[in-house]
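A short write-up of the structure that comes next.
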Amino acid sequence: MTSVSNRDLCRFFYVEASDHYFACNYCRTRRKQLPSIGYANLISHLKDKHPNYVDAYNAHQRRQAGSLTAHGFVNQTASNMYQWMEWVVDRNMPLSEVDDPLTRNMSKLKPICSKTLKVFMGKVVAAVEAKISSEMTGLFGIMFDGGTCFLEHYSSLAFLIGDNCATNLPLIGCASHRFNLAVNAYLEEHKPTVEALSALMAALRTVNNRTALREHTPLSPLRPNATRWSSTFEMMARYVRIRDEIKKVEAVFDLIPKAAMHRKIEALLADLRVFHSVTIKLQAEDLTLADVRALFDSVAQRFPSMKPKVSASTSTVHSPTFEAAIVKVLSCSMNAIGVLLL
Numbered sequence: 061m062t063s064v065s066n067r068d069l070c071r072f073f074y075v076e077a078s079d080h081y082f083a084c085n086y087c088r089t090r091r092k093q094l095p096s097i098g099y100a101n102l103i104s105h106l107k108d109k110h111p112n113y114v115d116a117y118n119a120h121q122r123r124q125a126g127s128l129t130a131h132g133f134v135n136q137t138a139s140n141m142y143q144w145m146e147w148v149v150d151r152n153m154p155l156s157e158v159d160d161p162l163t164r165n166m167s168k169l170k171p172i173c174s175k176t177l178k179v180f181m182g183k184v185v186a187a188v189e190a191k192i193s194s195e196m197t198g199l200f201g202i203m204f205d206g207g208t209c210f211l212e213h214y215s216s217l218a219f220l221i222g223d224n225c226a227t228n229l230p231l232i233g234c235a236s237h238r239f240n241l242a243v244n245a246y247l248e249e250h251k252p253t254v255e256a257l258s259a260l261m262a263a264l265r266t267v268n269n270r271t272a273l274r275e276h277t278p279l280s281p282l283r284p285n286a287t288r289w290s291s292t293f294e295m296m297a298r299y300v301r302i303r304d305e306i307k308k309v310e311a312v313f314d315l316i317p318k319a320a321m322h323r324k325i326e327a328l329l330a331d332l333r334v335f336h337s338v339t340i341k342l343q344a345e346d347l348t349l350a351d352v353r354a355l356f357d358s359v360a361q362r363f364p365s366m367k368p369k370v371s372a373s374t375s376t377v378h379s380p381t382f383e384a385a386i387v388k389v390l391s392c393s394m395n396a397i398g399v400l401l402l
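Numbering (our numbering), first residue to last: 61 to 402.
See the structure below:
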């Protein structure tokens with residue numbers, strides 16, 4: 061960019077007040093500058109307080125030189141509205157920003173109200189949508205590198221799943237969720253045992269008792285989580301592993317399960333190990349609906365109390381007939397399918 065005269069800089073950065081005083085457009089500071097003695101006082105203020113003033117002036121000139129307004133293609137009203145939109149959107153400000161008295165005083169744009177801005181922004185959206193629709197073909201793809209939803213930012217997106225109807229019901233439900241409900245119902249039958257062990261673990265997690273336990277084992281006591289039955293399994297497994305060390309903590313001796321209760325805990329832990337192995341199998345990528353039915357039938361046979369929760373006709377299955385048909389197809393029982401459809 062060619063050198064800029066002090067006169068042009070002062071005309072751009074200052075507004076003439078009265079009695080030979082000029083107000084800085086940056087900070088509204090008033091500086092006196094008598095005529096016929098140059099612009100040294102005004103330029104001195106810019107150098108001291110706004111050292112990047114030359115770059116700002118050059119950037120403004122480049123924008124003006126390349127804008128459609130400079131060539132007479134956009135009227136002043138449209139240009140003013142666009143610049144207010146740019147002011148609000150680029151700075152992520154509310155629409156009410158244009159109503160703020162300070163904003164209006166600091167801006168060189170012609171004042172507008174937020175209602176007017178909202179109307180024109182809606183028209184811009186409609187115009188852009190129409191333009192994009194006219195240029196789109198029948199098939200198209202969308203790529204996302206990142207996005208924001210409800211103030212939560214997501215980056216490196218691999219894929220998105222869309223659902224345009226809140227009433228959509230899946231024909232095939234989540235087997236893991238169904239099994240989780242079944243195990244939670246099973247644990248309700250053993251609630252006194254779980255609560256007794258949970259009370260012991262809670263006592264061991266206090267500062268003094270944790271310190272005493274750490275003298276005998278580096279393993280810490282675990283507490284169950286109300287939303288995950290697997291945490292109950294982990295708590296019981298930890299108890300069985302450090303039971304001998306827990307006995308050495310005198311403060312919790314009365315809470316340690318007696319022999320009969322301990323046998324119940326070991327028996328329940330054995331059942332939970334089976335449930336845990338089923339949960340792992342349900343997470344396999346190559347699992348089919350036929351495999352799920354085989355697992356659930358095996359669980360129902362070994363644990364009859366869980367049958368109402370894992371049977372093919374339980375209330376948590378949205379389409380029992382559909383699921384049964386899929387299992388038949390996967391099992392290659394075509395004759396059974398014919399009977400089912402009849």
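For every residue, glycine included, the Cβ atom is placed at its ideal position computed from N, Cα and C.
No experiment lies behind these values; they were computed from the predicted model shown.
Practice prompt. Grab me the residues of residue 336's own chain with a C-beta within less than 8 angstroms of its C-beta, minus the 5 sequence neighbours each way, in chain order.
Written response: 290, 293
Worksheet entry | Buried versus exposed, by CB contacts within 10 Å (16 or more), residue 146 | exposed
Item to complete: Determine the burial state of residue 74: buried for a count of at least 16 other Cβ atoms within 10 Å of its Cβ, exposed for fewer.
Response: buried
Worksheet entry | Between the CA atoms of residue 382 and residue 397 - distance to the nearest angstrom | Bear in mind that a pLDDT of 47 at residue 397, under 50, signals an unreliable position, so the model cannot answer this.
Worksheet item: Can you pull the DSSP bridge partners for residue 215?
Response: 206
Worksheet entry | Euclidean distance between Cα positions of residue 179 and residue 209 | 24 angstroms
Item to complete: Grab me the residues of residue 362's own chain with a C-beta within less than 8 angstroms of its C-beta, minus the 5 sequence neighbours each way, in chain order.
Response: 334
Discussion item. For the beta strand (DSSP E) containing residue 164, name the first residue and the last one.
Written reply: Counting along the chain, residue 164 falls outside any beta strand (DSSP E), though it belongs to the alpha helix (DSSP H) covering 161–166.
Worksheet item: Since residue 92 sits in a beta bridge, which residues does DSSP pair it with?
Response: 81
Item to complete: Determine the extent of the beta strand (DSSP E) in which residue 249 is found, giving its start and end residues.
Response: Careful: residue 249 lies outside any beta strand (DSSP E) and carries neither H nor E.
Worksheet item: Which class does residue 394 belong to by DSSP, given the choice of helix, strand or coil?
Response: Below a pLDDT of 50, predicted positions are generally treated as unreliable, and residue 394, at 46, falls in that range; the measurement from the model is reported next regardless. Looking at residue 394 - three-state DSSP - the assignment turns out to be helix.
Worksheet item: According to the neighbour-count rule (16 or more other Cβ atoms, all chains shown, within 10 Å of its Cβ), is residue 239 buried or exposed?
Response: buried
Worksheet item: Can you name the start and end residues of the beta strand (DSSP E) that residue 294 belongs to?
Response: Note, residue 294: premise wrong, no beta strand (DSSP E); alpha helix (DSSP H) at 289–306.
Item to complete: Drop a sphere of 10 angstroms on the beta-carbon of residue 71, count the other beta-carbons inside from all chains shown, and report buried for 16 or more, exposed for fewer.
Response: exposed
Worksheet entry | CA-to-CA distance, residue 183 to residue 394, given in whole angstroms | Because residue 394 sits at a pLDDT of 46, beneath the cut-off of 50, its placement in the model cannot be relied upon, and the following sentence gives the value as read from the coordinates. If you take the alpha carbons of residue 394 and residue 183, they lie about 59 angstroms apart.
Worksheet item: By Cβ distance, which residues of its chain are closer than 7 angstroms to residue 302, with the 5 residues on each side in sequence left out?
Response: 277, 279
Practice prompt. Check whether the Cβ of residue 373 lies closer than 8 angstroms to any heavy atom of the ligand MN, and answer yes or no.
Written response: This structure does not include the ligand MN; it has no bound ligands of any sort.
Practice prompt. Between the Cα of residue 97 and those of 148, 375, 80, spot the shortest distance and give me the residue it belongs to.
Written response: 80
Worksheet entry | Neighbour-count burial assignment, residue 68, 16 or more Cβ in a 10 Å radius | exposed
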